[in-house]
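Chains as they are written, first to last, in the numbering used here: chain A, 296 to 400; chain B, 5 to 176. Ideal placement from N, C-alpha and C gives every residue a C-beta, glycine not left out. The next block holds one structure in the form of structure tokens; read it before the comments.
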Amino acid sequence: MGTGLNPSYFIGLSAALFAIGAFGAISKKNAIAVLISIELMLSAVNINLVAINKFLTPEAFIGQIFAIFVITVAAAEVGLGLAIVIAIFRNRHSVNLDDFDLMKW
Amino acid sequence: MEDTNVMIAFVLLSGLVLGSALLVVTLKNLVHSVLWLIVTFIGVAGIFLLLNADFVAMVQVLVYAGAVCIMIAFGVMLVQRQDMENSNPMNSRYKIAFPLIGGLFISIGLLMARTRWTLSGEAVPEKTVQGLAPILLTDYVIPFEVAAVLLTVALTGALVLVKEVKANGDRS
């Protein structure tokens, strides 16, 4: 397995997924939708890490270990992000990001 | 023959991933977006299987498609009280975002086309868990423990944040 594919295909897929996620993160009103888009971008990064691990250094496994760390940090990030969104929703009764101006002076 | 099968699998899986990711970003109903997010993550797990990373694929299905998506679904249900019909609108910045992201994508594509890869040519070892575990518990043991502490602190912090605040400011 492997001679038919080369890293360019996977980097192209990952770039497309990252672009979709970044578009969502910039252009969404709902705070939870922005969190979802950030998850898409992190998945794109994971595809890159694992693909480069396979094609360039298959014996070292560094890319796969970094992908596992990225998944761990993403899980923690979603938990905290949702907690912050729920806490702000209690105060403001809104999840529209344009209403989140608590730190504005 | 093997190569064509792998190629067909790659095309199908990337179509699944990109199509469901587009649905996640464009659908009007936030709950449907979260459900399509699960499909995206399972497609990404399939891509990992194609790359001989079966342990990462399993972690992807367990953590992302299982835990994270259910957590986001709970978050949506706790936050959206009115009708779900139009709960995921775009704001006016999509006009800026579209050329910006298109330019980013095209520049990544151009750089990718110009790169000359020095492929190692070796295959990934069959048993990935037996290769991952020694590295994770020797060279990367400190990041491993820090990740454990990070998860504990983050989830405790999340509990403290969402705990009901009483009217007199007493958090007990």
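- For chain B, the residues of the region 351-365 of chain A that bring a beta carbon within less than 7 Å of one of its beta carbons are L351, T352, P353, E354, F356, Q359, I360, A362, I363, F364, in chain order.
- Residues of the region 315-327 of chain A with a Cβ closer than 9 Å to any Cβ of chain B, in chain order: I315, G316, A317, F318, G319, A320, I321, S322, K323, K324, N325, A326, I327.
- The count of Cβ pairs closer than 8 Å, one atom from the region 157-165 of chain B and one from the region 340-353 of chain A, stays below three, leaving the stretches out of contact.
- Rounded to the nearest angstrom, the Cβ distance from I42 of chain B to L17 of chain B is 15 Å, too far for a contact under 8 Å.
- The way I'd put it, the region 62-69 of chain B doesn't touch the region 81-92 of chain B; fewer than three beta-carbon pairs between them come closer than 8 Å.
- A69 of chain B and A77 of chain B have their alpha carbons spaced roughly 11 Å apart.
- For N9 of chain B, the enclosing alpha helix (DSSP H) has its first and last residue at 6-30.
- Straight-line measurement puts the Cα of V128 of chain B at about 26 Å from the Cα of V368 of chain A.
- Residue burial is scored here from C-beta neighbours: K99 of chain B has fewer than 16 other C-beta atoms within 10 angstroms and is therefore classed as exposed.
- DSSP, reduced to helix, strand and coil, places K323 of chain A within a strand of the structure shown.
- Against chain A, the beta carbon of M116 of chain B has neighbours under 9 Å at P302, S303, I306, G307, A310, listed in chain order.
- Interface annotation for the region 369-391 of chain A against chain B: A369, A370, A371, E372, V373, G374, L375, L377, A378, I379, V380, I381, A382, F384, R385, V390, criterion Cβ-Cβ distance under 8 Å.
- In this structure, I112 of chain B and A310 of chain A form a Cβ contact; the two beta carbons are roughly 4 Å apart against a cut-off of 8 Å.
- The beta carbon of E130 of chain B does not come within 8 Å of any beta carbon belonging to chain A, so the residue lies off that interface.
- Assignment of beta-bridge partners to M94 of chain B by DSSP yields A:K323.
- The three-state secondary structure of N391 of chain A, taken from DSSP, is strand.
- The C-alpha of R97 of chain B is placed about 15 Å away from the C-alpha of I315 of chain A.
- With a threshold of 8 Å between beta carbons, L397 of chain A makes no contact with chain B.
- By the criterion of a C-beta distance shorter than 6 Å, G319 of chain A is surrounded in its chain by S332, once the five residues flanking it on both sides are discounted.
- Counting of Cβ neighbours within 10 angstroms places T119 of chain B among the exposed residues, the total staying below 16.
- Neighbourhood of E126 of chain B in chain A, by CB distance below 7 Å: P353, E354, in chain order.
- In the same chain as M81 of chain B, and ignoring 5 residues on each side of it, no C-beta atom comes closer than 7 Å to its own.
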